[in-house]
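Residue numbers for the sequence shown follow the working numbering, so the first one is 2 and each next one is one higher. All residues carry an ideal CB built from backbone N, CA and C; glycine is no exception. Here's the structure we're looking at; comments come further down.
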Amino acid sequence: MTILSRRKFLHTSTAAAAATLASPIIARAQSDTIKVGGLHDLSGALDAVGVPMNQVFQMAIKEINEAGGLLGREVEAVIYDPQSNMSLYSQYATQMALRDQVDVVMGGITSASRETIRPIFHRYDTFYFYNTQYEGGVCDRNEITLGTTPAQTVARLIPYGMNLYGKKVYTIAADYNYGHITAAWVKRYVEENGGEVIETEFFPLDVAQFGSTISKIQGAAPDFVLSALVGTSHLGFYRQWAAAGMKSEIPVMSTVLGAGGSDQLILTAEEGNGITASFGYFEEIDNPTNKAFLERVAQEYPDKDWVMSEISEVTYEGMMIWADAVREAGTTERDPLLEVLTSGKAYDLPAGKVKIDPKTQHAIRDVYIAELQDQVFNIKESFPDSPPTDTQMVCDLVENPDSNQHFEISL
């Protein structure tokens with residue numbers, strides 16, 4: 002994930018959210034509206050990810066209202082800016098649940114933010130959609146999880162890289178739960194495919210200098226590097242890797258680069274060319290639904306300075322899947338909605354086919370591998386109907402509907 006300077010917020014209420022933090026933005030203050038909460042980082046360390054999520058969130062609400070709203074009522078956006086601050090996440094989640102009494106919340110970016118707000122929404126029965134890729138393991142009947150997990154992406158990326166480049170892997174990862182858990186999955190998938198992780202290094206999020214690590218990688222001579230680095234500082238690795246002349250020597254694959262929609266624009270083509278990634282969505286997906294979606298995004302935000310990514314597109318998915326369930330169930334109450342959502346219904350979305358796994362309430366979705374070239378991802382392979390088998394190892398909400406936990410999956 003990356004950090005950009007403050008941006009123009011393009012026909013949205015985002016600027017007001019950042020400026021007036023003590024009060025929510027109420028798009029239409031009417032007592033008969035259906036309230037939907039948006040809790041995305043509009044400023045702070047992750048604004049480059051949160052701003053596109055919020056913009057697509059608002060676009061989805063606009064589309065729903067233009068189609069007649071839901072249950073004869075308009076959908077009203079209630080938006081707060083938590084500023085990448087966990088205390089504010091907690092404060093605003095509580096306000097959404099108790100004061101604003103929203104019907105559903107879309108929000109959270111990092112696992113830390115999710116685990117700050119998820120228990121609050123569970124406690125107050127406020128239905129919650131988490132739309133971000135993460136390490137897997139959440140088991141909560143009150144949460145729908147639409148982003149990809151390692152079993153859907155890393156499990157595809159590792160054998161692809163090993164078949165293409167070789168069996169010796171050097172892992173570099175962010176030094177927090179996402180990086181550590183992803184590195185463990187990398188090791189498992191490498192060994193399952195007959196390979197070896199010859200070294201794993203972890204880096205705090207503020208580390209920006211990677212000279213000594215690049216020297217170590219040169220000495221270790223892996224067949225490829227697997228990067229689970231996160232954030233603007235960590236982009237320094239890719240820049241320094243290119244400057245050291247290593248791009249033609251050892252390929253790099255990433256579980257994160259491009260997930261937020263800005264990395265591939267921040268890096269020059271020379272720095273980014275050849276990096277391979279796996280996500281549940283790329284702008285370059287060639288289907289009519291995605292083409293029409295991107296046309297609408299371009300019309301709504303003609304001056305946007307980001308690329309549509311998994312995290313933003315899945316935020317749109319969250320709104321549209323929830324709205325479809327409300328129409329079918331005839332209510333905004335959680336349990337009737339869950340009956341619809343976990344019925345096996347497949348949704349035709351820009352990313353492809355998506356349906357909800359009843360055991361985990363995670364998405365079963367199409368997954369893609371793509372290579373970056375001239376700041377554009379070219380899709381190399383696709384994997385339809387990929388299940389969240391990692392989370393299925395620890396979670397069964399059909400058998401244990403009262404579960405409310407983030408399991409660390411034992412490897």
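* Through-space distance from residue 62 to residue 128, alpha-carbon basis -> Residue 128 sits at position 127 when you count from the first residue of the sequence shown. Residue 62 sits at position 61 when you count from the first residue of the sequence shown. Between residue 128 and residue 62, the C-alpha separation is close to 17 angstroms.
* DSSP on residue 235, reduced to helix/strand/coil? -> Residue 235 sits at position 234 when you count from the first residue of the sequence shown. Three-state result, residue 235: coil.
* Asked: Counting only beta-carbon atoms, is residue 301 nearer than 7 angstroms to chain D?
  -> Looking at the structure shown, chain D is missing, and only one protein chain is on hand.
* Pull up the distance between the alpha-carbon of residue 294 and that of residue 395, whole angstroms please. => As a working note, residue 294 is residue 293 in the sequence shown. As a working note, residue 395 is residue 394 in the sequence shown. Those two C-alpha atoms are separated by around 35 angstroms.
* To do: Below 8 angstroms CB to CB, which residues in the same chain sit around residue 337 once its five sequence neighbours on both sides are set aside?
  => As a first step, residue 337 is located in the sequence shown; it is residue number 336 there, counting from the start. A distance below 8 angstroms between beta-carbons, with the five flanking residues on each side excluded, links residue 337 to the following residues of its chain, in chain order: 330, 331.
* So the beta strand (DSSP E) residue 201 belongs to, where does it begin and stop? -> Within the sequence shown, numbered from 1, the residue matching residue 201 stands at position 200. Its beta strand (DSSP E) spans residues 197-204.
* Does DSSP put residue 251 in a helix, a strand or coil? -> Residue 251 sits at position 250 when you count from the first residue of the sequence shown. Three-state result, residue 251: coil.
* Own chain, CB closer than 8 angstroms to residue 70, minus 5 neighbours either side, in chain order -> As a working note, residue 70 is residue 69 in the sequence shown. Closer than 8 angstroms at Cβ, skipping near neighbours: 35, 76.
* Asked: Could you check where the beta strand (DSSP E) with residue 370 kicks off and where it finishes?
  -> For the purposes of this step, residue 370 is taken as the residue at position 369 of the sequence shown. 364-374 is the span of the beta strand (DSSP E), which, as asked, contains residue 370.
* Asked: What three-state label does DSSP hand residue 209 in the structure shown?
  -> Counting from 1 along the sequence shown, the entry for residue 209 is found at position 208. Residue state for residue 209 is assigned as coil, using DSSP reduced to three classes.
* Asked: Which one of 182, 48, 172 has the shortest CA to CA distance from residue 251?
  -> Here residue 251 refers to the residue found at position 250 of the sequence shown. Checked all of 182, 48, 172; the closest Cα to residue 251 is 172.
* **Helix, strand or coil at residue 1 according to DSSP, with G and I counted as helix** => The structure shown does not extend to residue 1, since the chain is modelled only from 2 to 412, so the question has no answer here.
* Would you grab the beta carbon distance between residue 121 and residue 42 for me? Rounded to a whole angstrom, and I think it's under 8 angstroms. => On the sequence shown, position 120 is the one that residue 121 refers to. On the sequence shown, position 41 is the one that residue 42 refers to. Not confirmed; about 17 angstroms, so no contact.
* Asked: Which residues mark the beginning and the end of the beta strand (DSSP E) in which residue 80 is found?
  -> Here the question's residue 80 lines up with position 79 in the sequence shown. Residues 76-81.
* To do: Using three-state DSSP, classify residue 305 as helix, strand or coil.
  => For this step, residue 305 is matched to residue 304 along the sequence shown. In the structure shown, residue 305 sits in coil (DSSP, three-state: anything other than H, G, I, E or B).
* Report, in whole angstroms, the separation of the C-beta atoms of residue 225 and residue 253, which I expect to be a contact under 8 angstroms. => As a position in the sequence shown, residue 225 is number 224, starting the count at 1. As a position in the sequence shown, residue 253 is number 252, starting the count at 1. Contact flag correct, Cβ pair sits at about 7 angstroms.
* To do: Name the two residues that bound the continuous beta strand (DSSP E) containing residue 277.
  => Indexing the sequence shown from 1 puts residue 277 at position 276. 277-280 is the extent of the beta strand (DSSP E) around residue 277.
* Asked: Which residue comes first and which comes last in the beta strand (DSSP E) that contains residue 169?
  -> As a first step, residue 169 must be located in the sequence shown, where it is residue number 168. Residue 169 -> beta strand (DSSP E) spans 169-175.
* Asked: Taking the continuous beta strand (DSSP E) assigned at residue 35, which residues delimit it?
  -> As a position in the sequence shown, residue 35 is number 34, starting the count at 1. Unbroken beta strand (DSSP E) run through residue 35: 35-40.
* Counting pairs of beta carbons, one from the stretch 98-107 and one from the stretch 128-138, are three or more of them closer than 8 angstroms? -> yes
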